[in-house]
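**Q**
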Amino acid sequence: MSELGNRLKEARLAKGLSLEDVQTITKIQKRYLVGIEEGNYSGMPGNFYVRAFIKQYAESLGLNPEEIFETYKNEIPASYNEELPQKLSRVKTHKKISQSHSKIYDILPKILIAVFVISIASVIYYFYASKVGQDPNEQVSSENEPVKYVKSENLENAKEVEKEKSSSKEKEKVENQTKEEEKEQTSTQNVPTQELAVVTTSGRKTTYSLTNADKFIVKVVSKGESWINIRNGKGKSFYSGTLKAGETDSYTADLTGESEAIIVVGRTLDADIYVNDQKLEYQINPADKVRQDITIQFVPKNE
0 MSELGNRLKE
10 ARLAKGLSLE
20 DVQTITKIQK
30 RYLVGIEEGN
40 YSGMPGNFYV
50 RAFIKQYAES
60 LGLNPEEIFE
70 TYKNEIPASY
80 NEELPQKLSR
90 VKTHKKISQS
100 HSKIYDILPK
110 ILIAVFVISI
120 ASVIYYFYAS
130 KVGQDPNEQV
140 SSENEPVKYV
150 KSENLENAKE
160 VEKEKSSSKE
170 KEKVENQTKE
180 EEKEQTSTQN
190 VPTQELAVVT
200 TSGRKTTYSL
210 TNADKFIVKV
220 VSKGESWINI
230 RNGKGKSFYS
240 GTLKAGETDS
250 YTADLTGESE
260 AIIVVGRTLD
270 ADIYVNDQKL
280 EYQINPADKV
290 RQDITIQFVP
300 KNE
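Numbering that gives the first Met the number 0 puts the sequence shown at residues 0 to 302.
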């Protein structure tokens, strides 16, 4: 076993993770993880994948990949040879782009000349049309008859009545809105807020109590990728799978009829838990425990 393999294995065991847990978190096959810990890269698809797998393995354990590559650079194979074809393909692409630009530069002067000719023709046509449109015999009268405005008393009275009606309706609308807001505020003040409190903490397990609530709805949202398992106190599973941002990033379970729920989170750094829309604060720092078991004991408000 290599020094790098020993360090990764010790970090994994310190986190309380098995190779199956790391496989679930990283999506790297277990046989590749075994190869990394044993320092045997012969079964890997290539040097590029070796470095990528090591980086992802280190990140899942909360280690700094850059520090890992620098410390164990003599054990980790380089991937320069695999990057060479990509550089060659970029050179070819650059040549193609240069050739296409050259063709555009050849056509550009012709386009500019055509635009110039069309512009001159448009100006000539505009002046010609302006001259033809003028009638030399047309005379503009300098004397304009003044316009007389007659003010209607009935119209003014109607406007005043309409204005008063509008003002009355607006005032009534404001009063009704104020009454509704007062009712909502009074109703909100009379409703007791739920309480989500920590009961016990041991290892990677934390127990919470939920009181002053008439429902028990749990929602788990993933900000990255995390394996989730939700079951009741009797072992019945409501959900088991991986939540991934950009795909299936959340799951909601209605546990109102249950007295206890157990939520296992495979990667707490990427998962947020909401209980009746209230965010649950992890009692154990997610950076210290990647996997955590959360138990919530529900006491309905009427009991």
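Here a beta-carbon is modelled for each residue, glycine too, at the ideal position from N, C-alpha and C.
Along the alpha helix (DSSP H) that carries Asn46, what are the first and last residues, could you check?
**A** As a first step, residue 46 is located in the sequence shown; it is residue number 47 there, counting from the start. Looking at the DSSP string, the run of the alpha helix (DSSP H) that includes Asn46 is 46-59.
**Q** Kindly indicate the opening and closing residues of the beta strand (DSSP E) around Lys218.
**A** Numbered from its first residue, the sequence shown carries residue 218 at position 219. Where Lys218 is concerned, the enclosing beta strand (DSSP E) stretches over 216-221.
**Q** In chain order, what are the residue ranges of uninterrupted alpha helix (DSSP H) at least 4 long that sit wholly in the stretch 248-282?
**A** Listed in chain order, there is nothing to give.
**Q** What do you reckon, are the CB atoms on Thr303 and Gly265 nearer than 8 angstroms?
**A** For the chain, the structure presents residues 0 to 302; residue 303 sits outside this window and is missing.
**Q** Confirm the yes/no value for this check: CB of Gly45, any heavy atom of the ligand HEM, distance under 7 angstroms.
**A** As presented, the structure is devoid of all ligands, the ligand HEM included, so that no description of it is given.
**Q** Where does Arg203 sit, in a helix, a strand or coil, going by DSSP?
**A** Position 204 of the sequence shown, counted from the start, is the residue given in the question as residue 203. Three-state result, Arg203: coil.
**Q** In chain order, what residues of the same chain have a beta carbon less than 6 angstroms from the beta carbon of Lys54, not counting five sequence neighbours either side?
**A** As a first step, residue 54 is located in the sequence shown; it is residue number 55 there, counting from the start. Pro64, listed in sequence order.
**Q** Kindly indicate which three-state DSSP category Ile27 falls into: helix, strand or coil?
**A** Reading the sequence shown from its first residue, position 28 is the one you call residue 27. Of the three classes helix, strand and coil, the one that applies to Ile27 here is coil, per DSSP.
**Q** Starting from Glu224, follow the beta strand (DSSP E) in both directions and report where the run begins and ends.
**A** Position 225 of the sequence shown, counted from the start, is the residue given in the question as residue 224. Run containing Glu224: 224-231, per the beta strand (DSSP E) assignment.
**Q** How far does the alpha helix (DSSP H) with Thr70 in it extend, from its first residue to its last?
**A** The residue labelled residue 70 in the question sits at position 71 within the sequence shown. Here the alpha helix (DSSP H) through Thr70 covers 64-70.
**Q** Output needed for Pro299: all residues of its chain with C-beta closer than 7 angstroms, excluding positions within five of it in sequence on either side, in chain order.
**A** Numbered from 1 along the sequence shown, position 300 holds the residue referred to as residue 299. Contacts found: Asp213.
**Q** Pick from Tyr56, Lys8, Met0, Ser17: whose alpha carbon is nearest that of Gly38?
**A** In the sequence shown, residue 38 corresponds to position 39, counting from 1. Here the closest residue by C-alpha is Met0.
**Q** Can you give the Cα-Cα distance for Ile293 and Val173, rounded to whole angstroms?
**A** Locating residue 293 in the sequence shown gives position 294, counting from the first residue. Locating residue 173 in the sequence shown gives position 174, counting from the first residue. Taking the straight line joining both Cα atoms gives about 48 angstroms.
**Q** Could you tell me the alpha carbon to alpha carbon distance between Lys235 and Arg50, rounded to whole angstroms?
**A** In the sequence shown, residue 235 corresponds to position 236, counting from 1. In the sequence shown, residue 50 corresponds to position 51, counting from 1. If I take the Cα positions, the gap works out to 41 angstroms.
**Q** How about Gln176 and Asn275: are their beta carbons less than 8 angstroms apart?
**A** Numbered from 1 along the sequence shown, position 177 holds the residue referred to as residue 176. Numbered from 1 along the sequence shown, position 276 holds the residue referred to as residue 275. Cβ distance not < 8 angstroms, so Gln176 and Asn275 don't count as in contact.
**Q** For Leu209, which of helix, strand or coil comes out of DSSP?
**A** Numbered from 1 along the sequence shown, position 210 holds the residue referred to as residue 209. Looking at Leu209 - three-state DSSP - the assignment turns out to be strand.
**Q** Less than 7 angstroms between C-beta atoms, sequence neighbours within five positions excluded: which residues of the same chain meet that for Glu58?
**A** For the purposes of this step, residue 58 is taken as the residue at position 59 of the sequence shown. Same-chain partners within the cutoff: Pro64.
**Q** Taking only the alpha-carbon atoms, compute the straight-line gap between Asp248 and Ser225 and give it to the nearest angstrom.
**A** Against the sequence shown, residue 248 aligns to sequence position 249. Against the sequence shown, residue 225 aligns to sequence position 226. Those two C-alpha atoms are separated by around 9 angstroms.
**Q** Our contact map puts Pro242 next to Ile227 with C-beta atoms below 8 angstroms; I'd like the distance itself, whole angstroms only.
**A** The residue you call residue 242 lines up with position 243 of the sequence shown. The residue you call residue 227 lines up with position 228 of the sequence shown. A small fix is needed here, since residue 242 is Leu in this sequence, not Pro. Confirmed, Cβ separation roughly 6 angstroms.
**Q** Is Gln282 closer than 8 angstroms to Thr210 when the C-beta atoms are compared?
**A** The sequence position of residue 210 within the sequence shown is 211, counting from 1. The sequence position of residue 282 within the sequence shown is 283, counting from 1. Cβ distance not < 8 angstroms, so Thr210 and Gln282 don't count as in contact.
**Q** How should Glu111 be labelled, buried or exposed, when 16 other C-beta atoms within 10 angstroms of its C-beta is the threshold for buried?
**A** Numbered from its first residue, the sequence shown carries residue 111 at position 112. A quick correction: the sequence has Leu, not Glu, at residue 111. Under this definition Leu111 is an exposed residue.
**Q** For Gly240, list the residues DSSP reports as bridge partners.
**A** Taking the first residue of the sequence shown as position 1, residue 240 is located at position 241. BP columns for Gly240 point to Ile227.
**Q** Taking Cβ to Cβ, would you say Gln296 is nearer than 8 angstroms to Ser208?
**A** Within the sequence shown, residue 296 is the residue found at index 297, counting from 1. Within the sequence shown, residue 208 is the residue found at index 209, counting from 1. The answer is yes: Cβ separation under 8 angstroms.
**Q** What does DSSP give as the partner residue(s) for Val173 in the beta ladder?
**A** Within the sequence shown, the letter at position 174 stands for residue 173. Note: Val173 sits in no beta bridge, so no partner.
**Q** Under three-state DSSP, which class holds Leu195?
**A** Residue numbering aside, residue 195 sits at position 196 when the sequence shown is read from its first letter. Here Leu195 sits in strand by DSSP.
**Q** Which whole-angstrom value is the C-beta distance of Leu60 and Lys29, which I expect to be below 8 angstroms?
**A** Position 61 of the sequence shown, counted from the start, is the residue given in the question as residue 60. Position 30 of the sequence shown, counted from the start, is the residue given in the question as residue 29. Not quite, the Cβ-Cβ distance comes to about 16 angstroms (not below 8 angstroms), so this is no contact.
**Q** Which class does Phe297 belong to by DSSP, given the choice of helix, strand or coil?
**A** In the sequence shown, the residue the question calls residue 297 occupies position 298. The answer is strand: DSSP assigns Phe297 an E or B state.
**Q** So for Asp287, helix, strand or coil by DSSP?
**A** Counted from its first residue, the sequence shown places residue 287 at position 288. If DSSP states are grouped into helix, strand and coil, Asp287 belongs with coil.
**Q** Give every residue of the same chain whose Cβ lies closer than 6 angstroms to the Cβ of Leu3, excluding the five residues on either side of it in the sequence, and list them in chain order.
**A** For the purposes of this step, residue 3 is taken as residue 4 along the sequence shown, with counting starting at 1. Same-chain partners within the cutoff: Tyr71, Glu74.
**Q** If we call anything under 8 angstroms between Cβ atoms a contact, is Val33 one with Leu16?
**A** Residue numbering aside, residue 33 sits at position 34 when the sequence shown is read from its first letter. Residue numbering aside, residue 16 sits at position 17 when the sequence shown is read from its first letter. No, they are not a contact pair.
**Q** Exposed or buried, Leu279, counting other C-beta atoms within 10 Å across all chains shown (16 or more means buried)?
**A** Walking along the sequence shown from the start, residue 279 turns up at place 280. Leu279 is buried by the Cβ-count criterion.
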